[in-house]
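Numbering (the working numbering), first residue to last: 80 to 450.
Just so it is clear, CB atoms sit at the ideal spot from N, CA and C, and this is done for glycine as well.
Given the structure is predicted, the values throughout are model-derived calculations rather than measurements.
Take a look at the structure set out below.
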Amino acid sequence: MLIGLCGGICAGKSSIASYLVEEHNFTRIRLARTAATPTVEKSASNAHVPSAEPSPADSQHTFPDVDALLDFVTLRWRERWVTTDIWDDKVVDALLRRPFFLLVSVDAPVSVRWKRFNDRCAAHQLTPPTLEDFVLRNDEHLFAPGTGLGALFQRAQLKLLNSTASIASLRDAIRALNLTNEARLRPSWDQYFMQLADLAAHRSNCMKRRVGCCIVREKRVISTGYNGTPRGMTNCNEGGCPRCNNAAKGGVGLSTCLCLHAEENALLEAGRDRIGENAILYCNTCPCLTCSVKITQVGISEVVYNQGYLVDTQTAEIFAESGVRLRQFSPPTEGLVDLSLGVVTPETSEKNEVEDVRAVFEDDGFVRPLR
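What follows is the structure in structure tokens.
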């Protein structure tokens, strides 16, 4: 595994790299910098302000270019490596081609980074730039046409906002985030099929909620579905379903709704004969009561969902009585994560297994408001 950390000066890249080295046995790996030192890394007198003293082992893990670095790591990809030397598009392009690479961007408010840079200058007995000078230098470093690094950060699979008050709180947040989860590199089967359900949801035309579904047997996709009006009718988002277009509250007027649910479309597409035994239904939202009856009837053996729904307790009883296993799957956190707010650790599939599925519905954390 190779984690690349990119971000502006004093965003926290080196602190996260040190955490990975000290707590997860990563080895720091470096690229030689051939370009001039950016002014944002200099003091008021234009003296370079070093981030940290290099360790004795750094020299044997410093490479002249990204190709040499990749040649080295590719032979040792089962080991753990981390670098903060993401210099340009060429480096990112080369690294992202490798299946063992994870790009993580780290950012923080410019005023916070300026204060951190002041502390770094003080540690080396150098005069820091003024806030105005720091902002101008930062803008040049990140947004200068052709050379700015800001665009690189948008390519990261995980984007961290690090306005934490201390190294200890940063480490606690990174620890809860489980940054080293191998599923970030290659999705598990649950994650893979749930992503297909999420992708199907993007085709939804229902004005109330985007829902996607994927039916699988023996790790092969049988069918997918998303919610919306039936074939041949006007799409819901074009006025085809009066109920969904009149701002009705959740659970009100369901008998007048013309939209088929994602689960219904997937079941109709597959048919009972194709579903067979031991089929699993993945849905980004837990099935409603009506869909649960149909899921039971066609012989689905397991239902895996991500988000909760306003569900009648009879739904739980249907699954429990018919022997359909129900569990919630939460994939690793991705996208933009504010570390100062704390990170909720996703529960694993094993933790979500329960003797009686009704316990899931009785949990206060299960029911979430309609979006």
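{"Item": "Which class does R177 belong to by DSSP, given the choice of helix, strand or coil?", "Value": "coil"}
{"Item": "Count the other C-beta atoms from every protein chain shown that fall within 10 angstroms of the C-beta of A235, then say buried if there are 16 or more, exposed otherwise.", "Value": "buried"}
{"Item": "Please go through the same chain and pick out, in chain order, the residues whose beta-carbon is closer than 8 Å to the beta-carbon of V100, but skip the five residues on each side of it.", "Value": "T106, R107, V161"}
{"Item": "Please determine, among I165, E102, N316, the residue with the shortest C-alpha to C-alpha distance to L221.", "Value": "I165"}
{"Item": "Taking the alpha-carbon of T394 as reference, which of R192, I374, D352, V119 has the nearest alpha-carbon?", "Value": "I374"}
{"Item": "Use the C-beta contact count for K298: other C-beta atoms within 10 angstroms, 16 or more gives buried, fewer gives exposed.", "Value": "exposed"}
{"Item": "Count the other C-beta atoms from every protein chain shown that fall within 10 angstroms of the C-beta of R353, then say buried if there are 16 or more, exposed otherwise.", "Value": "exposed"}
{"Item": "For W193, tell me which candidate among L346, N217, E317 has the shortest Cα-Cα distance.", "Value": "N217"}
{"Item": "So, P207 versus A201, is the Cβ gap smaller than 9 Å?", "Value": "yes"}
{"Item": "When the Cα of L148 is compared with those of S130, V171, L275, which residue comes out closest?", "Value": "V171"}
{"Item": "Reducing DSSP to helix, strand and coil, say where H281 ends up.", "Value": "coil"}
{"Item": "Closer than 8 Å is the cut-off here; do at least three beta carbon pairs connect the segment 307 to 318 with the segment 268 to 284?", "Value": "yes"}
{"Item": "Can the beta-carbon of L346 be found closer than 9 Å to that of S302?", "Value": "yes"}
{"Item": "In this structure, does DSSP put D168 in helix, strand or coil?", "Value": "helix"}
{"Item": "Among residues of its own chain, excluding the 5 on either side of I359, which ones have a beta-carbon nearer than 8 Å to its beta-carbon?", "Value": "F272, I294, V295, R296, I379, S380, E381, V382, V383"}
{"Item": "Is the separation between the beta-carbon of F142 and that of L110 shorter than 9 Å?", "Value": "yes"}
{"Item": "How should Q407 be labelled, buried or exposed, when 16 other C-beta atoms within 10 angstroms of its C-beta is the threshold for buried?", "Value": "buried"}
{"Item": "Can you give me the C-alpha to C-alpha distance between T369 and N357, rounded to a whole angstrom?", "Value": "21 Å"}
{"Item": "By alpha-carbon positions, which one of L228, E158, L249, A126 ends up nearest to R199?", "Value": "A126"}
{"Item": "Round the Cβ separation of A341 and A279 to the nearest angstrom and send it over; I've been treating them as touching at under 8 Å.", "Value": "7 Å"}
{"Item": "If you scan the segment 355 to 428 from start to end, which runs of the beta strand (DSSP E) of 3 or more residues do you find wholly inside it?", "Value": "358 to 364, 381 to 386, 404 to 407, 414 to 417"}
{"Item": "Where does R107 fall in DSSP's three states?", "Value": "strand"}
{"Item": "Whose CA, out of E102, L239, R157, L210, lies closest to the CA of V185?", "Value": "L239"}
{"Item": "For the alpha helix (DSSP H) containing V152, list its first residue and its last residue.", "Value": "145 to 153"}
{"Item": "Return the CA-CA distance between E453 and D150, expressed in angstroms with no decimal places.", "Value": "Shown here, the chain extends from 80 to 450; a query on residue 453 therefore has no answer."}
{"Item": "Once the 5 residues before and after S242 are set aside, which same chain residues still bring their CB inside 8 Å of it?", "Value": "A187, P188, V191, D417, L418, S419"}
{"Item": "How far does the beta strand (DSSP E) with V161 in it extend, from its first residue to its last?", "Value": "160 to 162"}
{"Item": "Apart from the five residues on each side of it in sequence, which residues of its chain come closer than 8 Å, Cβ to Cβ, to E413?", "Value": "Q236, L237, R263"}
{"Item": "Alpha carbon to alpha carbon, what distance is there between L84 and L405?", "Value": "38 Å"}
{"Item": "According to DSSP, what are the bridge partners of F142?", "Value": "L110"}
{"Item": "Could you give the DSSP three-state label for K121: helix, strand or coil?", "Value": "strand"}
{"Item": "Quick check: A114 and V145, are their CB atoms within less than 9 Å of each other?", "Value": "no"}
{"Item": "Tell me whether M273 sits in a helix, a strand or coil according to DSSP, three-state version.", "Value": "helix"}
{"Item": "If I follow the unbroken alpha helix (DSSP H) through A200, where does it start and stop?", "Value": "What sits at residue 200 in the sequence shown is Cys, not Ala. Taken as a continuous stretch (DSSP letters only), the alpha helix (DSSP H) holding C200 covers 189 to 202."}
{"Item": "Put L346 into one of helix, strand or coil per three-state DSSP.", "Value": "helix"}
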